[in-house]
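Residue numbering for the sequence shown follows this note's numbering, starting at 8 and increasing by one per position. Note that beta-carbon positions come from the ideal geometry of N, C-alpha and C, so glycine has one too. The model shown is predicted, which means the values in this text are computed figures rather than measured ones.
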Amino acid sequence: MSSAAAHRQQVLGLYRSMISLIRRLPSSQSEAALKEARQTLRERKGESDPRILLDNLKEMSSKIGFLRITAPRRPGDIRDVGGHYVLRDGALQKGSGIEIGGRVATGGMSMEEGMARNSRDFRRLYGAEKPKGRGPFF
């Protein structure tokens, strides 16, 4: 596939995403936005300068990002983008930290074990030991 064909596929994919997001907008906004998107794409169709093409792609991607934030979701949209995630056994898993039999819910971690873990995490995050001179609480 040539570079021009790959660019065309990329632009068309972004355009389809933009159109589907624009259709979620209220009808008062969607008609004007559809017209603007189509007109802009047609105006920029014959561009051949790589810098301008890249700028156009960036602009289209940013508009898609804005539309994803502002356009309301439809009831049938299946997109699992939110939720609670927990790190278990070194892997990120969907769920919550409160589960029966888990260390968080049962309180199976002693104070000393918790403080040692906090110190280890502090060292990993800041690259240094925790400052001494204060007690465990303030």
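Query	Result
Give every residue of the same chain whose Cβ lies closer than 7 Å to the Cβ of K70, excluding the five residues on either side of it in the sequence, and list them in chain order.	M25
Distance check for R124 and G134, CA to CA, integer angstroms please.	15 Å
Is L32 close to chain C, meaning its C-beta is less than 8 Å from at least one C-beta of that chain?	Included in the structure is just one protein chain, with no chain C present.
Tell me which same chain residues have a C-beta within less than 6 Å of the C-beta of L28, skipping the five on either side of it?	L74 and A78
I need the boundaries of the alpha helix (DSSP H) containing R127, first residue and last residue.	M118 to Y133
Less than 7 Å between C-beta atoms, sequence neighbours within five positions excluded: which residues of the same chain meet that for K137?	S126 and F129
Which residue wins for smallest C-alpha separation from M67, given the options A40, P33 and A12?	A40
Where does L41 sit, in a helix, a strand or coil, going by DSSP?	helix
Among residues of its own chain, excluding the 5 on either side of G108, which ones have a beta-carbon nearer than 6 Å to its beta-carbon?	With a pLDDT of 49 at G108, under the threshold of 50, the predicted position of this residue should be treated as unreliable, though the coordinate-derived value follows. Cβ within range, chain order: n/a, list empty.
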